[in-house]
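Step one of this worksheet: look at the structure below.
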Amino acid sequence: MKVLLCLIVVALVAAAYAETPLQKVRKHSDACKRESGVSDDVLARARKGEKVDDPKLRDHGVCILKKSGFLDDNGDFQVETIRAKLKENADHPEKVDDLVAKCAVKKDTPQESTHSFFRCLHENHLS
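Residue numbering for the sequence shown is -18 to -1, 1 to 109, as defined by mature numbering (1 follows the signal peptide of the UniProt record, and there is no 0).
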C-alpha cells in the first residue's frame, strides 16, 4: 500500500521546528527503521506505491506517528496535535477537523489504527 508515502506526508506536516520537513522525515524514518526492522526492499516498494502488507512496515508507521506526536505510547491519537499540525500545512485547513474526526479512529492495535489512519488520509486526498 502507499502507507509509506502517507507516512512521509504526515511526517512532513508534523515538522514544525528548526529542522526542515525533509530533515525531520529522514530523522524519524532512520530511527524508526532501526526500531521496526523494516527492510530497505519493503520501504523501496512502498515508496514506489506498491501495496505492501508487512507487519514491520506497520510498526514503522506507528513509530513515525509517535515521533511526530500524533500517537501516544498507549496507541491513542493526539487529536489536537494532529489538527494543529495538519492545519498549519494543509491546502484546505477548513477540511482538517472533519478529516481528523474521520481518520483518527482507534482500532484494536496501534498498528491497525495507524494503517487505517494513513489509508483514510490517502483516500481523502490530504494535501
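For every residue, glycine included, the Cβ atom is placed at its ideal position computed from N, Cα and C.
In this structure, the straight-line span from the alpha carbon of Asp79 to that of Ala86 is close to 10 Å.
The DSSP-derived three-state label of Phe52 is coil. With a cut-off of 8 Å on Cβ pairs, the segment 52 to 70 is not in contact with the segment 32 to 40, counting fewer than three such pairs. Going by C-alpha positions, Val82 is about 9 Å away from Leu103. Here the alpha carbons of Ser21 and Lys15 stand approximately 8 Å from one another.
For Ser95, the closest alpha carbon among the candidates Ala28, Lys48, Lys9 is that of Lys48.
Going by beta carbons, Pro92 and Leu53 fall inside the 8 Å limit.
Beta-bridge partners of Phe59 (DSSP): Leu53. Between Ser18 and Asp41, the gap from beta carbon to beta carbon is short of 8 Å.
At a Cβ-Cβ threshold of 8 Å, Ser11 and Ile46 count as neighbours.
Put simply, of Lys6, Asn71, Gly43 the residue whose alpha carbon is nearest the alpha carbon of Val24 is Gly43. Around the CB of Ala13, fewer than 16 other CB atoms lie within 10 Å, so the residue is classed as exposed. Distance from Gly51 to Lys88 at the Cβ level is roughly 16 Å; contact not present, criterion being Cβ atoms closer than 8 Å.
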